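S.K.: Position in the sequence shown (first residue = 1) + 64 = my numbering.
Virtual Cβ for every residue (Gly too), placed ideally from N, Cα, C.
Predicted model only: the values in this text are computed from it and were never measured.
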Amino acid sequence: MRLADKVAIVTGAGRGLGRAIAYRLASEGARGGIDDVDLDAAQRVVERIVESRGEAWPVVADVSVEAQVRDMVGEALERYDRIDILVNNAAVIKTGALTEFADRDWELMLGTNLKGVYLCCRAVIPFMVDWGYGRIINIASVAGIAGGARNIIYSASKGGVIAFTKALAREVGGLGVLVNAVVPGWVATEGNPPRPGVPAWEDYVRRCPLGRAARPEEVAAAVAFLASDEASFINGHSLVVDGGWS
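(1) Tell me, please, which residues DSSP counts as bridged to S219.
(2) How about L303 and V241: are their beta carbons less than 8 Å apart?
(3) Is it true that the segment 153-168 meets the segment 68-88, where meeting means three or more beta-carbon pairs spaced less than 8 Å apart?
(4) Checking the sheet assignment: what are the DSSP bridge partners for W121?
(5) Residues in the same chain with beta-carbon distance under 8 Å from R88, minus the five sequence neighbours each way, listed in chain order, please.
(6) Note down the Cα distance separating L232 from A252, rounded to an integer number of angstroms.
(7) Is the Cβ-Cβ distance between D145 and G198 less than 8 Å?
(8) Buried or exposed: which applies to D99, given that a residue is buried once 16 or more other Cβ atoms fall within 10 Å of its Cβ?
(9) Can you tell me whether L162 is buried or exposed? The criterion is at least 16 other CB atoms within 10 Å of its CB, across all chains shown.
(10) Please report the distance separating the alpha-carbon of G275 from that of E266.
(11) Do E130 and L172 have their beta-carbon atoms positioned less than 8 Å apart in this structure?
(12) To the nearest angstrom, how far is the alpha carbon of M65 from that of A213?
(13) Where in the segment 190-267 do unbroken runs of the alpha helix (DSSP H), each at least 4 residues long, occur, reported from the N-terminal end onward?
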């Protein structure tokens, strides 16, 4: 298994794409901290991993809160004395026209989607540098590249993730820590299903050569690759997984 005995933290792993990533890393042999703000959701993911003879534990941390991030990282270090893989997946999205948003919407989305990436990376980087090894995968979005009408704050946050990834990769790549981003398009999850008849969905599938949304497992496969030693010379890259949409 490509990730045998590696220790991973996956944020926002209680459902949707994060859950698929957690399952994929566990299937590759990683031991995982399953973070979500919903303990019950995190626990269900852990139970399934354990039933499949994997190893995982639930973590409840709001990634926009420094103290909670510090505790999350500290728990992993107490258990295994190292963290090999960090997947920054936690995110929130709210759509609307620019003039419809309140300041709290900006603070919520930037706080989770961008500040959360910053806080989690800052918490693990010193330890990864000490070990001379680390894999960080930040989940961005094609919205961060192409933008999106009625999706301005989310687009800004994900564009920030892409720039942050490139900058951090330059800073720590020579120290053994590789930093990359996975950039999905529409991912079909229970919270974001295909919506036939809805203009945004119809426009997406019309523009996408494959004519559909990604399955969470397809995006998770890209994350697992970047987390593995097969990607040992990939650093600062944003791997787009959108079926050719962009």
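M.R.: With the structure as the only source:
(1) DSSP, once it has assigned bridges, lists no residue as partnering S219.
(2) no
(3) yes
(4) G97
(5) E281, A284, A285, V287 and A288
(6) The straight-line gap from Cα to Cα measures roughly 30 Å.
(7) No, Cβ-Cβ distance for D145 and G198 is not below 8 Å.
(8) buried
(9) exposed
(10) Near 10 Å, if we compare the C-alpha coordinates of E266 and G275.
(11) no
(12) 42 Å
(13) 207-210 and 216-236
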